[in-house]
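In the UniProt record's numbering, the protein residues as written are 1 to 224. Where is the CB? At the ideal position from N, CA and C, for every residue including glycine. Just so you know, these numbers come straight off a predicted model, no measurement behind them. Below is one structure; the comments refer to it alone.
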């Protein structure tokens, strides 16, 4: 998924030539985190009762990390969704009683009230992506293209583990502090996407699913 409008246009041209009848699903799943200078696992934590320590710690975040994070995590959703809208509308019209779907994968970090382990840019970009999705859903009403959000908890990925194997798979060892006691699995994510994109999800629009193992139950959040 690209945040460069010209790249997106080229991708649209390529896919529209292959899928002349349109498409029925677009999943926007790209994401980056550029908070290494402030992330607790790499930079430690400030002294929370010392205002200068808190200020100094989080001001280590350079402006370019914010720009890069928002460009990828938010801008790409906008350009991909808007560019592919005609192809989605065309695909949905081919099946009576069905409407095409955009599924944007954000994160529960966008709903949590804490600093997401020091990742202000990442968490706020995910909150922005979730709200952008609501705006897109409202804008697309007349086109009969639905927009929904999946805001997952901790799943194995290069962002959460820092690496992947030769099959592009990442692994989180051990249990988790969420009520489910484990990180998310591929099947958890697949079930969420299939529910929103399949026939059973045609009544869902501008909704947010939180496959997080109950994580938002145990931490302060603005989940709505």
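- Based on the DSSP output, what are the partners of residue 227 in its beta bridges? Residue 227 lies beyond the range of the chain shown here (1 to 224); nothing can be said about it.
- Query: Would you say residue 101 and residue 201 are within 8 angstroms of each other, going by their C-beta atoms?
  - Reply: Contact flag set, yes.
- Message: In whole angstroms, give me the CA-to-CA distance for residue 171 and residue 156.
- Response: Its pLDDT being 46, under 50, residue 171 is placed unreliably by the model, and nothing is read from it.
- Message: Please report the distance separating the alpha-carbon of residue 13 from that of residue 79.
- Response: Cα-Cα distance, rounded: 14 angstroms.
- Start and end of the alpha helix (DSSP H) containing residue 217? Here the alpha helix (DSSP H) through residue 217 covers 215–218.
- Message: Ignoring anything shorter than 4 residues, give me the alpha helix (DSSP H) runs that lie fully in the segment 6–88, in order along the chain.
- Response: Entirely contained in the segment 6–88, the alpha helix (DSSP H) runs reaching 4 residues are, in chain order, 40–43, 51–58, 63–70.
- Message: Between 131, 140, 26, which has its C-alpha nearest residue 108's C-alpha?
- Response: Among 131, 140, 26, the Cα nearest to that of residue 108 is on 131.
- Task: Please determine if the segment 92–101 and the segment 17–36 are in contact, where contact requires at least 3 C-beta pairs separated by less than 8 angstroms.
- Result: Three or more beta-carbon pairs separated by less than 8 angstroms link the segment 92–101 to the segment 17–36, which places the two stretches in contact.
- Message: Between the segment 122–141 and the segment 70–88, can you find at least three pairs of beta-carbon atoms closer than 8 angstroms?
- Response: The segment 70–88, when compared against the segment 122–141, does touch it at the 8 angstroms Cβ threshold.
- Item | Opposing strand residues paired with residue 209 [DSSP bridges] | Bridge partners of residue 209 according to DSSP: 150.
- Message: So, with DSSP's three-state summary, where would you put residue 118?
- Response: The answer is coil: DSSP assigns residue 118 none of H, G, I, E or B.
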